[in-house]
Amino acid sequence: MKTYILIFLCSLVLLFSCSTEPVKESAVEPVEKTSSTKRAWSPTPQCCELHSEFLGVVVLSKVCISETETQLELFTKELKKVCVLKEGMVFRDDLGTSYSFLKSEGVGFCPKRTQMKNLPFTLHFQSISSEAKSFDLIEDKNAKHAHKPWIFEKVDLTQCVWK
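For the sequence shown, the working numbering begins at -8 and goes up steadily by one.
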């Protein structure tokens, strides 16, 4: 019996002498999450050529983004009467953020329509997030004066070469 007690005690000593060192807490600095699409907007607009079409007629040709605004350049491939909905225009990113419409250049507000073909016009919105990977530009079909409203969905920004 003494032998068993001796073996038991030796086993306990070996067990505790082989135990690992207590875990030490250390301060781990957080690693900043980086994304291949994260950009830093500057006061000078950075532009990207696009070619997104709606029904083969309205073309979203360029996006320019600065710290203060996003400019979307569009044109029509066919002779069309064009106007901009002052209200009922949705510009949102893939993160779910909607941006306010600021102004338009090159075309007036509805109901006044301008006959256009291959003439660029620009819509200005608040600056889109630097982490956005895509955006939607949608005219509300139920808005007053909406006539064949355009819809550009999931316009990809990840392939942009910003200039």
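Backbone N, C-alpha and C define an ideal beta-carbon position, used for all residues, glycine too. As the structure is a computational prediction, the values presented were derived from the model and not from experiment.
Exposure of residue i, with buried meaning 16 or more beta-carbon neighbours within 10 Å
| i | result |
| --- | --- |
| TRP141 | buried |
| GLU78 | exposed |
| SER91 | exposed |
| GLU69 | exposed |
| VAL54 | buried |
| LEU110 | exposed |
Residues near residue i in its chain [Cβ-Cβ closer than 6 Å; skip 5 each side]
| i | result |
| --- | --- |
| GLU144 | ASP127 |
| ASP177 | This structure does not reach residue 177, given that the chain is present from -8 up to 154, and the question cannot be answered. |
| VAL75 | SER95, VAL98 and PHE100 |
| SER89 | ARG83 |
Rounded separation between residue i and residue j - CA only
| i | j | result |
| --- | --- | --- |
| LYS71 | GLN106 | 6 Å |
| GLY97 | PHE66 | 10 Å |
| GLU58 | PRO34 | 5 Å |
| LEU86 | GLN150 | 17 Å |
| VAL152 | CYS39 | 6 Å |
| LEU52 | HIS42 | Reading off the sequence, residue 52 comes out as Ser, not Leu. The straight-line gap from Cα to Cα measures roughly 5 Å. |
| SER30 | LYS103 | Reading off the sequence, residue 30 comes out as Arg, not Ser. One C-alpha to the other measures close to 38 Å. |
| MET80 | TRP32 | 24 Å |
| ILE56 | LEU63 | 9 Å |
| LYS108 | ILE129 | 20 Å |
Where the beta strand (DSSP E) containing residue i begins and where it ends
| i | result |
| --- | --- |
| LEU114 | 112 to 117 |
| GLN37 | 37 to 45 |
| LEU93 | 92 to 96 |
Cut-off 7 Å between Cβ atoms - residues of its own chain near residue i, not counting five sequence neighbours on either side
| i | result |
| --- | --- |
| GLU60 | LEU93, HIS115, PHE116, GLN117 and SER118 |
Sequence-distant residues of its chain with Cβ nearer than 8 Å to residue i (five each side left out)
| i | result |
| --- | --- |
| GLY47 | LYS68 |
| LYS132 | PRO140 |
| VAL50 | HIS42, SER43, GLU44, LEU65, PHE66, THR67 and LYS68 |
| LYS154 | GLN37, CYS38 and CYS39 |
| ASP147 | LYS124 and SER125 |
Contact test: residue i Cβ vs the ligand SAM heavy atom, cutoff 6 Å
| i | result |
| --- | --- |
| TRP141 | Only the bare structure without any ligand can be found here, which leaves the ligand SAM out of the picture. |
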